[in-house]
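In this text, residue positions in the sequence shown follow the numbering used here: the first is 254, and each later residue adds one. Note that beta-carbon positions come from the ideal geometry of N, C-alpha and C, so glycine has one too.
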Amino acid sequence: MKKVAILHYAYPPNIGGVERLIKEQAMILADLDYEITVLTGSGEENDSRVKIVTADVLQSVLNFNPNLYKKIVEEGIIDTDFYDLSSKIETVLEMNLEDKQTVIIHNMLTLVHNLPFIYAFKKYAKNHPEKNIIVWAHDQTYIHEEKVLDDKPGVNLSPEGRMILIEPLEKAKYVVISNQFKQLFCQAINIDKEKVIVIPDGINIKNFLEIDPIVWEVVNKEKLLDCFPVVLSPVNILPRKNIEFNIEVVHYLKKNYPDIKLIITGKISTHRKIGNYPEEIDRIVKKLSLEKNVIYMSRYLDRALYASELHDLYALADAVFYFSKSENFGLPIIESALVKTPVFASKLKIFREIAENKLIEIDLAKNSAEQTARIIADYMENDNLIKINRLVRQRYNQEEIIKRQLVPLL
């Protein structure tokens, strides 16, 4: 098992974007069977798979010795106090990184908050060339408002201090979070662009959307985050729900969207005689070769969905199909509206009563499944919210970013 250390000034429950990111990074790497130690100024973790080691000297110097911070950063003085602190930090590094193959440092080598740490770590790295070091830059002291500054207000480093901050670390792998930032970063620390890798920030979709375990199981097994569009049909399997029309629309949409998924949430009704309707639905699915495109939630669980699970499916969906032949009300219209997922619905008076004229209505008497598919495809290709949702799912999924871009560096 590879041992990885992650370093930053702080770790949750401390608040901050980098703090949240390194927690997600630690958890995902632990899921991938890496042995993770977070070496930080402060923080806590309840998950036993991630070891937290805290040392006050790894915080911003301003937090534990404001007078020393003022002397180093604002007055440009490097004296015995600087080197004494750096020596203490070096001891912490030697004690805690001895058996770690890879060391990932977030921001601590690119910001002025703890210059003695930078001095100590560069010395440590020189003494341990066997270490795989990744310098992960989210910020840099002299980059501000998309410009590289010659001087930063409140920062008055000595020439020696400035060199400690901006001189690149030999043999380290440098990671930045965007191409835009890469251009500025390379200019700020005078490093070749070829030596800097872009790995964007991402989001833990499961945690952010608070997706329940059974739904996440479906997401992973069906690879929903890679599919588009994901369509929800929140109905039970009854003839009046017109599921066969949904399936025919999916058939025509598949020509442009081969990875389309239709999720049917409900079960076969036990209250009414519906003849061989479920078998007829299966026959249509097979006839149209949609076995890999149609998902029955009833095949994943033998109960009704909880409200939170249904909410998860709405949140993951790009669209809702609600092409009933008749209804006395229409809860999916209300549910989809609250989650801001567009619903394509049949032209029924009750739906107009619920949503007034704010519904995407399709008159099934005038539009075939093929015509309906064209209407829906046109909407999807012109709706920026749908398009950016797809972009985020497929490009900024934190788990995939780590697997695809970070793991090869370890």
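The alpha helix (DSSP H) enclosing residue i, as first and last residue numbers
{"i": "S340", "result": "T333 to L350"}
{"i": "H564", "result": "A560 to L569"}
{"i": "N385", "result": "Unbroken run through N385 is the beta strand (DSSP E), N385 to A390; no alpha helix (DSSP H)."}
{"i": "E653", "result": "Q651 to I654"}
{"i": "A258", "result": "Not the alpha helix (DSSP H): A258 falls in the beta strand (DSSP E), residues K256 to H261."}
{"i": "I676", "result": "Residue 676 is absent from the structure shown; the chain starts at 254 and stops at 663."}
{"i": "V664", "result": "Residue 664 cannot be examined here, being either before or after the span of the chain that is shown, 254 to 663."}
{"i": "K276", "result": "G270 to D284"}
Span of the beta strand (DSSP E) around residue i
{"i": "L659", "result": "Premise fails: L659 is in no beta strand (DSSP E) and is neither H nor E."}
{"i": "H359", "result": "T355 to H359"}
{"i": "L292", "result": "E288 to T293"}
{"i": "F604", "result": "F604 -> not in any beta strand (DSSP E); alpha helix (DSSP H) instead, spanning K602 to A608."}
{"i": "L515", "result": "K514 to I517"}
{"i": "V596", "result": "V596 to S599"}
{"i": "V573", "result": "A572 to Y575"}
Per-residue DSSP class, three states only, for residue i
{"i": "I548", "result": "strand"}
{"i": "I534", "result": "helix"}
{"i": "E614", "result": "strand"}
{"i": "K304", "result": "strand"}
{"i": "F582", "result": "coil"}
{"i": "A425", "result": "coil"}
{"i": "I452", "result": "coil"}
{"i": "H381", "result": "coil"}
{"i": "K494", "result": "helix"}
{"i": "S621", "result": "coil"}
{"i": "S589", "result": "helix"}
{"i": "I330", "result": "coil"}
{"i": "K362", "result": "Looking at the sequence provided, one finds Leu at residue 362 rather than Lys. Correct three-state label for L362: coil."}
{"i": "A557", "result": "coil"}
{"i": "Y510", "result": "coil"}
{"i": "K520", "result": "coil"}
{"i": "K476", "result": "coil"}
Exposure of residue i, with buried meaning 16 or more beta-carbon neighbours within 10 Å
{"i": "N200", "result": "No statement about residue 200 is possible, as the shown extent of the chain runs from 254 to 663 and does not include it."}
{"i": "H261", "result": "buried"}
{"i": "P661", "result": "exposed"}
{"i": "S589", "result": "buried"}
{"i": "E501", "result": "buried"}
{"i": "S542", "result": "exposed"}
{"i": "D565", "result": "buried"}
{"i": "F582", "result": "exposed"}
{"i": "H504", "result": "buried"}
{"i": "P265", "result": "buried"}
{"i": "G294", "result": "buried"}
{"i": "R680", "result": "Residue 680 lies beyond the range of the chain shown here (254 to 663); nothing can be said about it."}
{"i": "Y559", "result": "exposed"}
{"i": "T625", "result": "buried"}
{"i": "K619", "result": "exposed"}
{"i": "F374", "result": "buried"}
{"i": "Y336", "result": "exposed"}
Whole-angstrom C-beta distance between residue j and residue i, which should lie under 8 Å
{"i": "W389", "j": "I358", "result": "7 Å"}
{"i": "P492", "j": "V573", "result": "The pair is not a contact, with the Cβ atoms about 20 Å apart (cut-off 8 Å)."}
{"i": "N650", "j": "L506", "result": "23 Å between Cβ atoms; not a contact."}
{"i": "L292", "j": "L311", "result": "7 Å"}
{"i": "G519", "j": "I537", "result": "17 Å between Cβ atoms; not a contact."}
{"i": "F576", "j": "L617", "result": "6 Å"}
{"i": "G329", "j": "S431", "result": "Not really, about 31 Å apart at Cβ, beyond 8 Å."}
{"i": "A263", "j": "E272", "result": "6 Å"}
Proximity below 8 Å, CB of residue i to CB of residue j
{"i": "V314", "j": "H391", "result": "no"}
{"i": "R643", "j": "F481", "result": "yes"}
{"i": "A283", "j": "L350", "result": "no"}
{"i": "L485", "j": "I458", "result": "no"}
{"i": "I452", "j": "Y427", "result": "no"}
{"i": "I586", "j": "A570", "result": "no"}
{"i": "T290", "j": "L663", "result": "no"}
{"i": "I467", "j": "Y553", "result": "yes"}
{"i": "G455", "j": "E327", "result": "no"}
{"i": "F370", "j": "I331", "result": "no"}
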